[in-house]
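Visitor:
See the structure below:
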């Protein structure tokens with residue numbers, strides 16, 4: 001079993017929450033290349049909050065800033081549901097509140113290898 005597959009051998013399902021279309025498409029391509037299934041790409045904070053509260057997926061890749069709004073409330077919903085997540089940001093981990101210090105941060109620009117490493121880490125800890 002690779003990190004892209006669950007115990008039954010099915011592809012793990014990933015939700016992308018990203019407001020920049022090109023980065024969203026890049027993430028979709030990278031995730032599919034790595035063997036993951038992308039369940040959706042959401043760009044607005046309201047849509048993201050509704051999606052993470054009601055949907056079934058294995059992990060989320062979450063941009064810290066969605067159209068000028070902090071996505072930390074969405075991260076809180078994910079954490080309360082025990083859904084692994086990876087933050088994506090152009091600013092790195094600096095400035096994140098202490099309660100998020102254990103969440104992996106993928107800094108833009110990133111490579112597929114960086115994304116893969118973070119996904120392996122979150123699924124190893126899941």
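Numbering (the UniProt record's numbering), first residue to last: 1 to 126. Glycine included, each C-beta is placed from N, C-alpha and C at the ideal position.
1) Could you check the C-alpha separation between residue 102 and residue 64 for me, to the nearest Å?
2) Can you give me the C-alpha to C-alpha distance between residue 1 and residue 82, rounded to a whole angstrom?
3) Rounded C-beta distance between residue 12 and residue 58? I'm assuming under 8 Å.
4) Quick one: Cα of residue 72 to Cα of residue 84, how far?
5) Using the C-alpha atoms, what's the distance from residue 9 back to residue 88?
6) Can you tell me whether residue 91 is buried or exposed, with buried defined as 16 or more other CB within 10 angstroms of its CB?
Guide: Checking against the coordinates, here is how it stands:
1) Cα to Cα, the separation comes out at about 15 Å.
2) Unreliable positioning characterises residue 1 in this predicted model, as indicated by a pLDDT of 45, which lies under 50. A coordinate reading is not provided.
3) 4 Å
4) Residue 72 and residue 84: Cα-Cα distance of roughly 14 Å.
5) 27 Å
6) Exposed is the call here.
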